[in-house]
Amino acid sequence: MAIIKILPHPEYAPEGAQVDAPAGTSICEALLDNGIQIEHACDMSCACTTCHVIVREGFSSLNEMDESEEDLLDRAWGLEPNSRLSCQAIVAQKDLVVEIPKYSINHAKEKH
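Structural data, given as C-alpha cells:
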C-alpha cells in the first residue's frame, strides 16, 4: 500500500490531503475512492486530459506511459516533465506526492 499526498488545491483539497492507494490502482481511482473528486471527463478511458496531475515525488515508481497518454498530455494545461494522466498512472509500493493543476481543458466546466 502506498500513500499519496495531494498538495493543496483550492477546489479539490484546500488543505491538502493524504490517501492510501493499493498497488495496481490508478492515481485517479485512489483519489476518487477517497472523496477527492478530480475531474475525469472521459470516465478514465485515456481520451482527455482532465485528470492531469504533476507527480512531485515518486514519478519513477509509476508504470511507463504508453503512446496514447503521451500524445494526450501534449494538450494538457500546465504540462511539466513529471506530468501524468492520473487515470493511466498506476501506483506501485512507493509513496507519491501529486499536485492537481489549477486548470484543466474541460470546456464543460468552464464558464463561457
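In the numbering used here, each residue carries its 1-based index in the sequence shown increased by 1483.
Glycine included, every Cβ here is placed at the ideal spot set by N, Cα and C.
C-alpha distance - residue i paired with residue j, whole-angstrom precision
{"i": "residue 1538", "j": "residue 1518", "result": "19 angstroms"}
{"i": "residue 1534", "j": "residue 1486", "result": "19 angstroms"}
{"i": "residue 1523", "j": "residue 1548", "result": "18 angstroms"}
{"i": "residue 1515", "j": "residue 1521", "result": "7 angstroms"}
{"i": "residue 1576", "j": "residue 1527", "result": "22 angstroms"}
{"i": "residue 1567", "j": "residue 1587", "result": "13 angstroms"}
{"i": "residue 1571", "j": "residue 1578", "result": "17 angstroms"}
{"i": "residue 1490", "j": "residue 1510", "result": "14 angstroms"}
{"i": "residue 1585", "j": "residue 1484", "result": "28 angstroms"}
{"i": "residue 1557", "j": "residue 1536", "result": "13 angstroms"}
{"i": "residue 1559", "j": "residue 1569", "result": "12 angstroms"}
{"i": "residue 1591", "j": "residue 1553", "result": "Confidence is the limiting factor: at residue 1591 the pLDDT is only 46, short of 50, which leaves the residue's position unreliable, though a coordinate-based value still follows. So the two alpha carbons sit approximately 23 angstroms from each other."}
Cut-off 7 angstroms between Cβ atoms - residues of its own chain near residue i, not counting five sequence neighbours on either side
{"i": "residue 1551", "result": "1529"}
{"i": "residue 1492", "result": "1583"}
{"i": "residue 1525", "result": "1531"}
Chain-order list of residues whose beta-carbon lies under 6 angstroms from that of residue i (same chain, five-residue window excluded)
{"i": "residue 1603", "result": "The chain is shown only over 1484 to 1595; residue 1603 falls outside these bounds and no answer can be derived."}
{"i": "residue 1580", "result": "1488, 1539 and 1540"}
{"i": "residue 1555", "result": "1532"}
{"i": "residue 1502", "result": "1487, 1513 and 1517"}
Per DSSP, cross-strand counterpart(s) of residue i
{"i": "residue 1501", "result": "1488"}
{"i": "residue 1573", "result": "1509"}
{"i": "residue 1582", "result": "1537"}
{"i": "residue 1496", "result": "1492"}
Using 8 angstroms as the Cβ pair cut-off and three pairs as the minimum, do the region 1491-1502 and the region 1533-1553 touch? These segments do not touch.
Is there contact between the region 1499-1513 and the region 1553-1566, where contact requires at least three CB pairs shorter than 8 angstroms? When C-beta atoms of the region 1499-1513 are compared with those of the region 1553-1566, fewer than three pairs fall below 8 angstroms, so the two segments do not count as touching.
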